[in-house]
Every structure is written in structure tokens, then in C-alpha cells.
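**Q** My questions all concern the structure below.
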Amino acid sequence: MIKKAILILLGSMPFFIIASMADIQSFGAPASSTGAPEEKTCAKSGCHDDNSVNTGSADPIINFGNGQENYVPGETYTINVSITDDNINRFGYQLVALLDSDNSNAGDMKSVDKTRTQVIANSTELQDRQYATYTFKGTEAVQTGETNWELQWTAPDTNSGEITFYAGFVSANDDYTDKGDFVYTKTLTITPSTANSINKVKDYRTSFEIYPNPVSETLNIYMISEGTSALSIKLHDANGKLVKEIYHGSIVGEYSRSFDISQLCTKGLYFLTFQNGSQIVTRKLLVN
75 MIKKAILILL
85 GSMPFFIIAS
95 MADIQSFGAP
105 ASSTGAPEEK
115 TCAKSGCHDD
125 NSVNTGSADP
135 IINFGNGQEN
145 YVPGETYTIN
155 VSITDDNINR
165 FGYQLVALLD
175 SDNSNAGDMK
185 SVDKTRTQVI
195 ANSTELQDRQ
205 YATYTFKGTE
215 AVQTGETNWE
225 LQWTAPDTNS
235 GEITFYAGFV
245 SANDDYTDKG
255 DFVYTKTLTI
265 TPSTANSINK
275 VKDYRTSFEI
285 YPNPVSETLN
295 IYMISEGTSA
305 LSIKLHDANG
315 KLVKEIYHGS
325 IVGEYSRSFD
335 ISQLCTKGLY
345 FLTFQNGSQI
355 VTRKLLVN
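First residue of the sequence shown: 75, per the numbering used here; consecutive thereafter.
Here is the structure:
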């Protein structure tokens, strides 16, 4: 009986160890670890402190609204946070949005996939700030060498000036310790759209066309402007990286342009960001 009891106890120990390990890491990064004003990073003493911040080879990215740079008060946007680092299978992150004017919390964050990301707060200090961070499942790479997390962010109800997103990242060696890992920080600042752009964005969106879509070679762009205005057309990849500024200048009335997209892009998903003064439209573009 004693031998049987011992065998049963020992046989159950690995389960409790694994369950405990998963439960501890499911809390995500400790709140206030983004490197934002008044915050440290996960490279603080006793954590991922083997290497200095931003000394590794990873590439962290914050992509706001598929490459947009402005926000409309009260509107909801998709934020994609990603990181690439060759041969790594375990990553972490934490993101906060702060008003540049006083470093208080800006807007409201919500998880899209709650198995990979969660929203937490700091119960002891900086209690007004919201943090998006990983779950234990969310530390897994989507494929070796890269991962991403997606969340929804709703802008403040009123024009609140410039807002900066601060993110801290960890590229981990997957040994279930804090040693041998690299920590990174990244920021992205967005500015408010004007009242005119809020009122006209719907009409403006209908005046902008790209075709064909999907496209393999020649892409056509056509738009109509009600008056003289500054025009910028930028092409971003799926991670928010700028591929090319296709046009920058002034236009009056109709504008059209055709170019060979195959000379700029490999196959995949891209985004065309069209800015006419303070008005912004982003369109998905599939290159095949």
C-alpha cells in the first residue's frame, strides 16, 4: 500500500509542476514594464537582465490602423504588435498608450484573441494605465522566428493631442528561466485628425479607387479632389513597414497613375495609405 501510494504521488508531480509553470507565466509581463515614462523594462534586476536593452538582432514593430498616423476621437482601431528574431520560438510583449501632454492613460484597449493577449492594470502604482500583454499561450511563436499579437484600441472621446504607444518586448531562449534573453523597446506616436477630416472622410473614401485588386502586375490608382490639396500615397507591407512612397505632391481635381507593382512587391498582403491633407484612407491590396 505504501509503495502504491508513493508511485501515485510521484506520478502526479510532473503535472503539478507543468501546471504551476503555465499558471505563473499566464499573468503576462509585470505591469509597467514597457519602458514608458516612469516605467522600467523587463531588463530590470532579477528579471531578463543578462543583456542590455535593444542590443539583440530582433525587429519589433507597432502597427497602428494598418499604417495610419492619425486618430479620430472615439473611433476604434486595430493594433498589431509583432517581432521577428531568427530561430526564436518564444516571445513576450507589453503595450501602453499615453497622452504626450501628461503621460496619463490614453484610450481603451481590448483583447481580440484572449488565448494570446490580455489587458491588465497595475494595482500598486500608475493605476490609471492599461497594459496589453501576452498570455502563456501567447508566448508561442506563430512560426519559428516571428510572432504577433492583435488588439483593439478606442481613441479618447475628444481631441487629446499627440498619443504615444510604448512597447516592451522579450525574445526568449525558451529555457523557462529569465536568463539568456533579449529585451527591446519600441514607440509609435499618433496625432489627432482635424474636425474637417472627421466630417468628410466618408465622402472622401468613395473618391479613391485602386484596381485591379488582387493585382499581379499593373496597378491603377484614381481619385477626385474637390480642390487643390497635398497628396501622399504610401505602400506598407503587412507588418506596417514602408515599402515605398508612391506619390508626394499637390493635385487639383482628378488624379490617376499606373505602375508595375511586381517591381516593388513580392506576393502577399499590403496596404495603400492615401493622405489628402488631413484626410486618410487605407485600403488592403493583395499581390498575387
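Ideal Cβ positions, reconstructed from N, Cα and C, are used throughout, including at glycine.
Distance check for Q349 and I325, CA to CA, integer angstroms please.
**A** For I325 and Q349, the distance between alpha carbons rounds to 12 Å.
**Q** Compare the Cα-Cα distances from W227 to each of E220, S234, V216, A206 and report the closest residue.
**A** Selected option, being the one with the closest Cα: A206.
**Q** Taking 8 Å as the threshold (C-beta atoms), are L346 and L359 in contact?
**A** Closer than 8 Å, so yes.
**Q** Taking the CB atoms as reference points, tell me whether R190 and Y167 lie closer together than 8 Å.
**A** The answer is no: Cβ separation not under 8 Å.
**Q** Considering only residues of the same chain and omitting the five flanking positions on each side of R164, which have a CB-CB separation below 6 Å?
**A** Result list for R164: T213, A246, D248, in chain order.
**Q** Go through its chain and collect everything with a Cβ distance to K260's Cβ below 6 Å, but skip five positions before and after it.
**A** The residues are P134, I136, A241.
**Q** What is the DSSP secondary structure of Q337, reduced to helix, strand or coil?
**A** Residue state, collapsed to three classes: helix.
**Q** For I272, name the three-state secondary structure that DSSP assigns.
**A** Interpretation of I272 is limited by its pLDDT of 37, a score under 50 that renders its predicted location unreliable; no figure is taken from the coordinates.
**Q** Touch check for the segment 280–299 and the segment 171–181: three-plus C-beta pairs under 8 Å?
**A** No: fewer than three Cβ pairs fall under 8 Å.
**Q** When you compare each of V355, N154, S336, G141 to I264 by their alpha carbons, which one comes out closest?
**A** Comparing Cα-Cα distances from I264 to each of V355, N154, S336, G141, the minimum goes to G141.
**Q** Round the Cβ separation of D124 and D231 to the nearest angstrom and send it over; I've been treating them as touching at under 8 Å.
**A** Rounded, the Cβ-Cβ distance is 43 Å, inconsistent with contact.
**Q** For E113, tell me which candidate among K211, F210, Q201, K318 has the shortest Cα-Cα distance.
**A** The residue with the shortest Cα to Cα distance from E113 is Q201.
**Q** Taking the Cβ atom as the reference point for each residue, do N362 and S306 lie within a distance shorter than 8 Å?
**A** Result no, Cβ atoms of N362 and S306 do not sit closer than 8 Å.
**Q** In or out: S131 buried (at least 16 other Cβ within 10 Å) or exposed?
**A** With fewer than 16 other Cβ atoms within 10 Å, it is exposed.
**Q** Do you know whose CA, among L309, Q192, Y145, lies nearest A180's CA?
**A** The residue with the shortest Cα to Cα distance from A180 is Y145.
**Q** Pull up the CB-CB distance for F243 and I157, whole angstroms please, since I reckon it's below 8 Å.
**A** Contact flag correct, Cβ pair sits at about 5 Å.
**Q** Out of Y151, A105, R357, point me to the one whose CA is closest to Y285's CA.
**A** Taking only the C-alpha atoms, the option nearest Y285 is R357.
**Q** Where do the N-terminal and C-terminal ends of the beta strand (DSSP E) with V170 fall, by residue?
**A** First-last of the beta strand (DSSP E) with V170: 164–173.
**Q** For the beta strand (DSSP E) that contains D133, what are its first and last residues?
**A** Segment 133–138, the beta strand (DSSP E) holding D133.
**Q** On the CB-based measure, 16 or more other CB atoms within 10 Å of its CB, does P266 come out buried or exposed?
**A** Answer is buried; the Cβ neighbour count reaches 16.
**Q** Below 7 Å CB to CB, which residues in the same chain sit around N287 once its five sequence neighbours on both sides are set aside?
**A** The residues are L359, L360.
**Q** Going by C-alpha distance, which of A312, T108, V355 is nearest F282?
**A** Answer by Cα proximity: V355.
**Q** Can you check whether the CB of Q217 is closer than 8 Å to the CB of D182?
**A** Not in contact: D182 and Q217 (Cβ atoms no closer than 8 Å).
**Q** From C339 to L309, what distance separates their C-alpha atoms?
**A** Approximately 10 Å, taken between the alpha carbons.
**Q** Take D311 as the anchor and find which of G109, K341, H322, S126 has the nearest alpha-carbon.
**A** Of G109, K341, H322, S126, the residue nearest in Cα terms is K341.
**Q** Extract the residue ranges of the beta strand (DSSP E) inside the segment 196–227, only unbroken runs of 3 or more that lie entirely within it.
**A** You should have 204–208.
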